[in-house]
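As you go down the protein sequences, you meet chains B and Y in turn.
Mapped onto this note's numbering, the consecutive letters of the first sequence carry residue numbers 4 to 792.
Mapped onto this note's numbering, the consecutive letters of the second sequence carry residue numbers 2 to 170.
Note that beta-carbon positions come from the ideal geometry of N, C-alpha and C, so glycine has one too.
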Amino acid sequence: MVITVAHRPKPKEFKDDFWKSKNINISIGDIVETEQREEAPESMGPTPKPNVTDLRSWDMKLLKRYEPFYAPFCDMCCLCTYGKCDLTGGKKGACGIDIEAQQARTVLLACCIGAAAHSAHARHLLEYLIEKKGADFPLDLGMDIDIEAPIIRTVIGKVPKALGDLREAMDYMEEQNLHLLSSCHTGQEGSSVDFESKAFQAGLMDNLGMEIGDIAQIVALNLPKGDPDAPLVELGMGSIDRDKPVVLCIGHNVSPGAGIIDYLEDQDLEDDVEVCGICCAALDITRYNKNAKVVGPISKQLKFVRSGVADVIVVDEQCVRTDILEEAKKNKAAVIATTDKICLGFPDMTEEDSDKIVKQLVNDEVEGVLILDPDKVGEIATRVAMQIAKDREALKLLPDLDEIQEMAKECTECGWCQRVCPNSQPMMDAVIGAAEGDFSEFQRLYENDVCYTCGRCEQECERDLPLMSMLTKVGEHYVKDERYNIRAGRGPVQDVEIRRVGAPLVLGEIPGVVAFVGCTNYPEGGEDVAKMAEEFLERNYIVIASGCGAMTIGEYRDEEGRTLYERYSGDFDAKGLVNVGSCVSNSHIAGACIKIANIFAKKPLEGNFEEIADYILNRVGACGVAWGAYSQKAAAIATGVNRWGIPVVLGPHGSKYRRLFLGRTDKQETWDLNDLRTGKVIEGEPAPEHLLYAAENREEATVIIAKLCLRPSDTSKGRQIKLNHYIDLHKKYFGTLPEDVYKFVRVEKDIPITHKKEVMDMLEEKGWEPRALPQEPSTMNFREKAEGK
Amino acid sequence: MNERVIPWQPTVIAGPKQALLVTPETAQMMLQKAKRPLMIIGPLINSSPVQALATKIAERWNIPIVSTGDAFKSLNEAGISSQSYGVVEIINLLKDPDWKGVNNEGQHDLVVFIGVIYYMGSQGLSTLKHFAPHLKTLTLCKFFHSNADASFPNMKDEEWIKYLEKLAE
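As structure tokens, then:
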């Protein structure tokens, strides 16, 4: 034990140019007792542990180029009792807020909620794992990963070495989120752009929280450590052996699932009980044990619960249907709640005798139980499943289709099931068909989750038809082959992989990194994301997947019956399909971009957020895609990666997030670049053109993704490759050469050879002139502008 | 309440300001009055008879067409000229009073929508409702759009086609 003076961020009053230019830091630290394990950085950047306003200047640069675009979801503010206040027609609320600020405030609120969800999950995991393994348990991600926590290093300014070191980052994140949430209160912030700056901070905190959570679980539970050859695991509703007792885990926290798997191993019951999951809990239990199974993404939740296959449903946190108890009761499944986030009104039986809990659940003496000890959950869930499975066998059987036909005849054809459907899917037509014995429309809705079973239609039905059950049972009857595979989440990208792809990515020769993240409530069904992934894999992009998106990709087969995981390697390289893991593993996507700046370009990370983000924005051709409709977590993730300089394409439901960040190609001055090599300001280009964009359909999204991978740092060879894909895809989905392609041709050498003539014709028509290629493009430090040149 | 004027997806109701329900005759008056109208055609009506009707309306009233999603392709294949934008891109430009419009002749004063995904169109109309007081919006879909300034009611196909045909006359 030694006594050290802990590093603290520089005091704010010393942040003027003099102190910066002399590189003098004056700080008075806390005297603390600590193990000497945290690595002191060689050099500290200007913003370790940035406070809410410390990265504001970077945010304003982004917001000037990518102005917020607001699409109010609600015209009013209902947050306080001054209101409701009508904000239409330029009217302000009683507190003085206008519609723009109110939208930005709502986005900030969503980002705070998202950041809190990931980070509370991370905090729970961290403390649980410290209790199990000790605060000194090393953060060892193996021989191939030295830069193991790129977000923490950059934001906190320290290199964590053990589980206990993560607490500092966690404390910081929690404090920041508190301040950010506070600014949503009535009578605080009044500027929409400052709300957006705060939303960026909330997004960054979200990214930080995710990294803490995933690193903690990877090291402490020995999940794959950046292994591109992580095993293929079983996926799909048809992969679950319904003849065995089935325990279903829903949510995002691996702890209860791990507890179940540990219990089965201890009791030598692995072959006797089926353990499976929905949502990220599924991904993480398969990272923990490859014999666990993934039922599927969130869009399978109601279908699978209604199928009656699960004997015991274990819920932890996030993305769990809040009516899960009501649904479970319909087919007598037992429910165990396992975290403080979801208690469902159950009695807390954490300290109760196990035999008593099992007896009460088996005999229906309680509706469900709350057990906050993951190990105990393991025992109770297993024992209950084994005891009730036999009595529930009849509930797992497929119904007679005649029964569904009879029910369908009750339909009054009012049409409201279609009007309340988020995607206006033709549920009524399916029911009318079923009444005539034609189940084809039900089958179409079932396949590829065209209907993602939100259940809104069912509650609207004036005849109370159990539409979701009818859909599920028809689907099960006709769709026999719901067995797929998915590569288990590998966690972070290895340093050696970054070294291999750093140059070709920054120079543009690998045309881009496309990351499919978020939930799978897709407007036209699950194939959208898989088809986009396939398109970019075939074109040599690096494709990353996480969460429910990673599962959807696994549910898509080619003509030979192979999934994309079987066709493409798990390498972080051209044509690699990298499943990083669950929601919290999204941190490794930003992490990989950060590591490119650090490992390839030698940019120091610690306290150096702005320089790293500037590098990523201008030189790393990465683009995120969040195609489904969903949550505040997705808002936080996207806003966080936007601040790192990574553009994101949303599906059409993304327009309901209320805010996008759109560039304007007709405002040339917003695209100026600073060439750090020469110090000159040069004419830039709209690359990337937007920071947060919502596409109307897959075709549009595919083309815009290719365009958003363009970066000012592309060499002519790289630009040729990227433009070739952009033009190719535009021709495929729009039938013509893109009308804006001339904006991305800097010199003649940028033009793809295969499209040379038509592009040259366009250049001539537009009066195009060649322009300089930046050597080190940056949106920071416009020295010439500052000097008034 | 009259089901024809409950928004097609009822939950898009945003507040007290609701669209005016219009007949083809009122829509005609709006088109007559407009100096620089613009028609936005979305991908929901790709390669359909409705798309052909929409382009006839554009031709009848001399309205330039912006295509969104991938609607450009099917319009182009039908020999109809349009300018392709993402729906959020064109809305973003329309809300700027200083934008010069698709023909560089000045910002548009009437924007006519058809074929954009309902909920996304609703969001775009909301943007224009709040941030583009310099223009009016009219929707020709068979769904009532409460965020527009003026909208056709919820209709079945047969009635809708009649409405569109009247506008194309």
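Self-check item: Segment limits, alpha helix (DSSP H) that includes Arg490(B)
Solution: Taken as a continuous stretch (DSSP letters only), Arg490(B) belongs to no alpha helix (DSSP H), being part of the beta strand (DSSP E) at Tyr487 to Arg490.
Quiz item: Are Gly206(B) and Ala600(B) touching if we call contact CB-CB under 9 Å?
Solution: no
Quiz item: Does Ser82(Y) have its Cβ less than 9 Å from a Cβ in chain B?
Solution: no
Exercise. Determine the burial state of Asn105(Y): buried for a count of at least 16 other Cβ atoms within 10 Å of its Cβ, exposed for fewer.
Key: exposed
Exercise. Within 10 angstroms of the Cβ of His188(B), are there 16 or more other Cβ atoms? Answer buried if so, exposed if not.
Key: exposed
Quiz item: Of all Cβ atoms in chain Y, is any one closer than 9 Å to the Cβ of Met431(B)?
Solution: Chain Y, which has no Cβ nearer than 9 Å to the Cβ of Met431(B), makes this no.
Quiz prompt | Own chain residues within Cβ distance below 7 Å of Gly229(B), not counting five before or after | solution = Leu144, Gly145, Asp147, Ile148, Arg493, Gly494, Pro495, Val496 and Gln497.
Exercise. Specify, as a first and last residue, the run of the beta strand (DSSP E) that Asn582(B) falls within.
Key: Leu580 to Gly584 is the extent of the beta strand (DSSP E) around Asn582(B).
Quiz item: Helix, strand or coil: how does DSSP classify Phe747(B) here?
Solution: Three-state result, Phe747(B): helix.
Quiz prompt | Three-state secondary structure (DSSP) of Ser127(Y) | solution = helix
Quiz item: By DSSP, does Ala279(B) sit in helix, in strand, or in coil?
Solution: Checking the sequence shown, residue 279(B) turns out to be Cys, not Ala. In the structure shown, Cys279(B) sits in a strand (DSSP, three-state: E or B).
Quiz item: What span of residues does the alpha helix (DSSP H) with Ile41(Y) cover, start to end?
Solution: Here Ile41(Y) belongs to no alpha helix (DSSP H); instead the beta strand (DSSP E) covers Pro38 to Ile42.
Exercise. Classify Lys25(B) as helix, strand or coil using the three-state DSSP reduction.
Key: Because Lys25(B) carries a pLDDT of 40, less than 50, the predicted location of this residue cannot be relied on, and no value is offered for it.
Quiz item: Which runs of the alpha helix (DSSP H) fall wholly inside the region 369–402 of chain B and span at least 4 residues, in chain order?
Solution: Assignment of alpha helix (DSSP H) within the region 369–402 of chain B, counting only whole runs of 4 or more residues, yields 377–391 in chain order.
Quiz prompt | Inter-residue spacing [alpha-carbon to alpha-carbon] between Arg11(B) and Cys626(B) | solution = Because the pLDDT of Arg11(B) is 41, which lies under 50, any placement of that residue in the model is unreliable, and the number read from its coordinates should be weighed accordingly. If you take the alpha carbons of Arg11(B) and Cys626(B), they lie about 34 Å apart.
Practice problem: Within 10 angstroms of the Cβ of Gln124(Y), are there 16 or more other Cβ atoms? Answer buried if so, exposed if not. | Solution: Buried: at least 16 other Cβ atoms inside 10 Å.
Self-check item: Interface residues of chain Y facing Gly736(B) [CB-CB closer than 7 Å]
Solution: Reading off the sequence shown, one finds Tyr at residue 736(B), where the question assumed Gly. Against Tyr736(B), the close residues of chain Y are Asp71 and Lys74, in the order they occur along the chain (beta-carbon pairs closer than 7 Å).
Quiz item: Taking 9 Å as the CB-CB limit, is Val51(Y) close to chain B?
Solution: Chain B contact via Cβ: absent.
Quiz item: How about Arg422(B): is its C-beta nearer than 9 Å to some C-beta of chain Y?
Solution: Cβ-Cβ to chain Y under 9 Å: yes for Arg422(B).
Exercise. Give the DSSP-derived three-state secondary structure of Thr415(B) in the structure shown.
Key: For Thr415(B), the three-state secondary structure derived from DSSP is coil.
Quiz item: Do you know how far the Cα of Asp139(B) is from the Cα of Leu620(B)?
Solution: 36 Å
Quiz item: What is the DSSP secondary structure of Ser85(Y), counted as helix, strand or coil?
Solution: strand
Quiz item: Once you ignore the five residues that flank Cys322(B) on each side, which residues in its own chain have a CB closer than 6 Å to its CB?
Solution: Cys282 and Ile301
Self-check item: For Val623(B), the residue or residues it bridges with in DSSP
Solution: Answer is none; Val623(B) lacks a bridge partner.
Quiz item: With DSSP run on the structure shown, which of helix, strand or coil describes Ala233(B)?
Solution: Looking at Ala233(B) - three-state DSSP - the assignment turns out to be coil, as it is neither helix nor strand.
Exercise. Could you tell me the distance, in whole angstroms, from the CA atom of Lys164(B) to the CA atom of Lys136(B)?
Key: 14 Å
Quiz item: What residues from the region 13–26 of chain Y come within 7 Å of chain B, judged by C-beta to C-beta, listed N to C?
Solution: Answer set for the region 13–26 of chain Y: Ala15, Gly16, Pro17 and Lys18.
Practice problem: Could you check which residue in Glu78(Y), Trp100(Y) and Val51(Y) has the C-alpha nearest to that of Lys670(B)? | Solution: Trp100(Y)
Practice problem: Indicate whether Pro38(Y) and Val112(Y) have their beta-carbon atoms separated by less than 9 Å. | Solution: yes
Quiz prompt | Whole-angstrom C-beta distance between Glu558(B) and Tyr487(B), which should lie under 8 Å | solution = Between Tyr487(B) and Glu558(B), the beta carbon gap of about 5 Å places them in contact (Cβ cut-off 8 Å).
Practice problem: Ignoring anything shorter than 4 residues or poking outside the region 81–152 of chain B, list the alpha helix (DSSP H) runs there in chain order. | Solution: If we require 4 residues or more, the alpha helix (DSSP H) runs fully inside the region 81–152 of chain B come out as 102–136.
Self-check item: Neighbour flag for Asn93(Y) against chain B, beta carbons, 9 Å
Solution: yes
Quiz prompt | Alpha carbon of Phe442(B) to alpha carbon of Leu45(Y), nearest angstrom | solution = When rounded, the distance between both Cα atoms is 25 Å.
Quiz item: When burial is assigned at 16 or more other CB atoms within 10 Å of the CB, is Val312(B) buried or exposed?
Solution: buried
Practice problem: Quick one: give me the first and last residue of the beta strand (DSSP E) that Asp678(B) is part of. | Solution: Leu676 to Asp678
Quiz item: In its own chain, which residues sit with a C-beta less than 6 Å from the C-beta of Ala593(B), not counting the 5 before and 5 after it?
Solution: If the five residues before and after Ala593(B) are omitted, its C-beta is found closer than 6 Å to the C-beta atoms of Asn210, Val644 and Trp647, all from its own chain and listed in chain order.
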